[in-house]
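Presented below is the structure to which this report refers.
Protein chains in written order, with the numbering used here: chain U, 1 to 368; chain L, 1001 to 1231.
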């Protein structure tokens, strides 16, 4: 199990708390420059945080506080991390198998045994026929498999993957998804995956930590994250389209700039008349041909059909708000939706999730 | 069968002693300066404070007139000796001069080679569990070998052709300090143009081959460059 708590303000702000169980794949998601890679590098010992603690199983790899400074700081070579670099960082003068043999250099095993282990890893990655090829003779996907074999050859205690899918084509990516799923099942070590692609994180990860400006904003299972983002920034970062503002007062949510009122359950933590952000997930929205007492009238502004999926953009309340609704192309035909036509939207208030308007790390979050 | 008179004439024209001395000087310079160059270049790439000054000092022999350098060496080493061997007007003296003059030729190509190694490669070696020495031996040194070869070739060629400093520190003592370039000068002074011409042609040939070898080694598309484009 990996436990991480690091904090610093300079040179780059970094406030990170996370735990990752053995056998779990934990994704770090955030925009470019948000500190995802810095977190992985700090875990691997390639850079240091000012304060914090990094613990893997019972072993403390790093410990520092404001008063005593750095107390423990194991060098990268002693941390037993498998690190897959974004650009693979294969040793260009060594063949594929020699690359995989490098982490076994200090092993007490006989040379033949080391070669056999390296070969096994290449077999496992499906690239045993390329053992003698030099890195420049391999495709991007093949290089990545060599890099993954090298990262795992030493039987690391954790596996760190830095944007592994960013530089490879779609078919290679699909096959790597499967490899990664197999590894998670077989290795039983914590796996940390850095990605900026939420769909990828949703597909692969058991838990996701959303990072922005060096700060971990929320850690949750993908489903929870998409349905109940902790604040407006998280909702924005996880790409929730339908996010609005309103005022919450004792179970009633007043939608800004509209007469619309929703009855929303909360845990009684929100003070009266608090400005809030709120989101409605896709399954909380439905479109109807006929109006009802509770439906909201919208005007269809744009229909984009992508294969069998259609994205419909609608305006409400005289253009004050825009709602995006994804449906099948068949559903669009059934509802006879056309640009400029009227649509009747039903919002399921039990699916509404309300959040603080500002980030929890924003000191202004309690003010207007 | 070789004609002994012709052979003796050729040796005289070519000044074989000067050629052997130049080769000896170049060989000793190489043996001593290349390991130092590798060490110094490796230290320099990690240096932050004072790096421009140290680099400037090491590059001085490139821009200083050889007589200036020779003058300082003469003043600095004059009257001193190591194990009874005087440091001026001796082979040891011109070897020291040669080592100093060749510092930029030995260090700069190796330093550039170390600097061109992608930092992620070193980090990958670190997280693979290699010690600093292992990273140097297994990763950095093989990746920098083109720079090391280039440094060796340049140093060798430059030592054979060095004139001003050697003359200032060593004079022109036959078999002791009279290298090929000084022998050429001597021959021109004594109107032996054919002898000077033969030696000059020899130096020209050696220099051309050395530079061609150096360009040949670097001209090839390296695996490193190709690997980077692939990534």
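Backbone N, C-alpha and C fix where the C-beta goes; we use that ideal spot for every residue, glycine too. Just so we're clear, the structure is a prediction, and the values are computed from it rather than from any experiment.
Under 9 Å by beta carbon: chain U residues contacting residue i
| i | result |
| --- | --- |
| residue 1101 (chain L) | What residue 1101 (chain L) touches in chain U: nothing, since even the nearest Cβ is about 32 Å away. |
| residue 1139 (chain L) | 91, 93, 94 and 102 |
Residue i, enclosing alpha helix (DSSP H) - first and last residue
| i | result |
| --- | --- |
| residue 369 (chain U) | In the structure displayed, chain U extends from 1 to 368; residue 369 (chain U) sits before or after that span and is not available. |
| residue 356 (chain U) | Segment 353-356 is the beta strand (DSSP E) holding residue 356 (chain U); no alpha helix (DSSP H) there. |
| residue 1168 (chain L) | 1164-1170 |
| residue 208 (chain U) | Counting along the chain, residue 208 (chain U) falls outside any alpha helix (DSSP H), though it belongs to the beta strand (DSSP E) covering 207-212. |
| residue 311 (chain U) | No alpha helix (DSSP H) contains residue 311 (chain U), which is instead part of the beta strand (DSSP E) from 309-316. |
| residue 1071 (chain L) | 1066-1077 |
| residue 147 (chain U) | 140-153 |
| residue 1093 (chain L) | 1091-1101 |
| residue 1016 (chain L) | 1016-1044 |
| residue 116 (chain U) | 111-124 |
Proximity winner among the options, relative to residue i (alpha-carbon distances)
| i | options | result |
| --- | --- | --- |
| residue 369 (chain U) | U:137, U:30 and U:5 | It is not possible to answer for residue 369 (chain U), since the shown part of chain U is limited to 1 through 368. |
| residue 1211 (chain L) | L:1160, L:1099, L:1181 and L:1197 | L:1160 |
| residue 93 (chain U) | U:67, U:103 and U:135 | U:135 |
| residue 340 (chain U) | U:313, U:293, U:349 and U:357 | U:313 |
| residue 213 (chain U) | U:3, U:16 and U:1 | U:16 |
| residue 1043 (chain L) | L:1067, L:1107 and L:1164 | L:1107 |
| residue 274 (chain U) | U:86, U:247, U:309 and U:181 | U:247 |
| residue 12 (chain U) | U:36, U:26, U:2 and U:29 | U:36 |
| residue 157 (chain U) | U:58, U:293, U:71 and U:28 | U:58 |
| residue 306 (chain U) | U:141, U:329 and U:316 | U:329 |
| residue 1038 (chain L) | L:1145, L:1080, L:1194 and L:1132 | L:1145 |
| residue 1141 (chain L) | L:1114, L:1158 and L:1153 | L:1114 |
| residue 1059 (chain L) | L:1048, L:1041 and L:1046 | L:1041 |
| residue 244 (chain U) | U:22, U:182 and U:323 | U:323 |
| residue 232 (chain U) | U:217, U:170 and U:76 | U:217 |
| residue 162 (chain U) | U:82, U:123 and U:183 | U:82 |
| residue 320 (chain U) | U:311, U:308 and U:299 | U:299 |
| residue 1209 (chain L) | L:1188, L:1196, L:1157 and L:1095 | L:1157 |
| residue 1116 (chain L) | L:1139, L:1105 and L:1028 | L:1139 |
| residue 1074 (chain L) | L:1052, L:1164 and L:1049 | L:1164 |
| residue 66 (chain U) | U:170, U:32, U:9 and U:260 | U:9 |
| residue 185 (chain U) | U:294, U:326 and U:205 | U:205 |
| residue 1094 (chain L) | L:1122, L:1104, L:1105 and L:1077 | L:1077 |
| residue 24 (chain U) | U:78, U:119 and U:160 | U:160 |
| residue 263 (chain U) | U:197, U:235 and U:354 | U:354 |
| residue 287 (chain U) | U:145, U:168, U:334 and U:74 | U:334 |
| residue 192 (chain U) | U:49, U:56 and U:292 | U:56 |
Minimum Cβ-Cβ distance from residue i to chain U less than 7 Å
| i | result |
| --- | --- |
| residue 1045 (chain L) | no |
| residue 1206 (chain L) | no |
| residue 1120 (chain L) | yes |
| residue 1055 (chain L) | no |
| residue 1124 (chain L) | yes |
| residue 1226 (chain L) | Per-residue confidence for residue 1226 (chain L) stands at a pLDDT of 46, beneath the threshold of 50, marking its modelled position as unreliable; the derived number appears in the next sentence. It does: the Cβ of residue 1226 (chain L) has a partner Cβ on chain U nearer than 7 Å. |
| residue 1231 (chain L) | No answer about residue 1231 (chain L) holds up, because its pLDDT of 35 lies below 50 and its placement is not dependable. |
Proximal chain U residues relative to residue i, where beta-carbon distance stays under 7 Å
| i | result |
| --- | --- |
| residue 1142 (chain L) | 93 |
| residue 1134 (chain L) | 105 |
Chain-ordered chain L contacts of residue i [CB-CB under 7 Å]
| i | result |
| --- | --- |
| residue 106 (chain U) | 1129 |
| residue 356 (chain U) | Correct list: empty, because the minimum Cβ distance to chain L is about 39 Å. |
| residue 81 (chain U) | 1127 |
| residue 77 (chain U) | 1126, 1129, 1130 and 1131 |
Minimum Cβ-Cβ distance from residue i to chain L less than 7 Å
| i | result |
| --- | --- |
| residue 190 (chain U) | no |
| residue 203 (chain U) | no |
| residue 154 (chain U) | yes |
| residue 46 (chain U) | yes |
| residue 85 (chain U) | yes |
| residue 365 (chain U) | Summary for residue 365 (chain U): the model assigns pLDDT 43, below 50, so the residue's position carries little reliability; its value from the coordinates is reported in the next sentence. Not an interface residue. |
Residue i, enclosing beta strand (DSSP E) - first and last residue
| i | result |
| --- | --- |
| residue 226 (chain U) | Unbroken run through residue 226 (chain U) is the alpha helix (DSSP H), 222-227; no beta strand (DSSP E). |
| residue 306 (chain U) | 296-306 |
| residue 16 (chain U) | 14-20 |
| residue 1192 (chain L) | Element bounds for residue 1192 (chain L): n/a, residue is neither H nor E. |
| residue 277 (chain U) | 274-279 |
| residue 90 (chain U) | It is not in any beta strand (DSSP E) - residue 90 (chain U) carries neither H nor E in the DSSP assignment. |
| residue 55 (chain U) | 51-56 |
| residue 3 (chain U) | 2-8 |
| residue 1155 (chain L) | Looking at the DSSP string, residue 1155 (chain L) is not in any beta strand (DSSP E); the run it does join, the alpha helix (DSSP H), is 1145-1161. |
Within chain L, the residues that residue i reaches when beta carbons sit closer than 9 Å
| i | result |
| --- | --- |
| residue 150 (chain U) | 1124 and 1128 |
Supposed contact pair residue j and residue i - C-beta distance, whole angstroms, cut 8 Å
| i | j | result |
| --- | --- | --- |
| residue 1134 (chain L) | residue 46 (chain U) | With a Cβ gap of about 17 Å, residue 1134 (chain L) and residue 46 (chain U) do not count as contacting. |
| residue 296 (chain U) | residue 310 (chain U) | With 8 Å as the limit, residue 296 (chain U) and residue 310 (chain U) do not qualify as a contact, their Cβ atoms being about 20 Å apart. |
| residue 284 (chain U) | residue 348 (chain U) | 4 Å |
| residue 130 (chain U) | residue 138 (chain U) | 6 Å |
| residue 211 (chain U) | residue 28 (chain U) | 6 Å |
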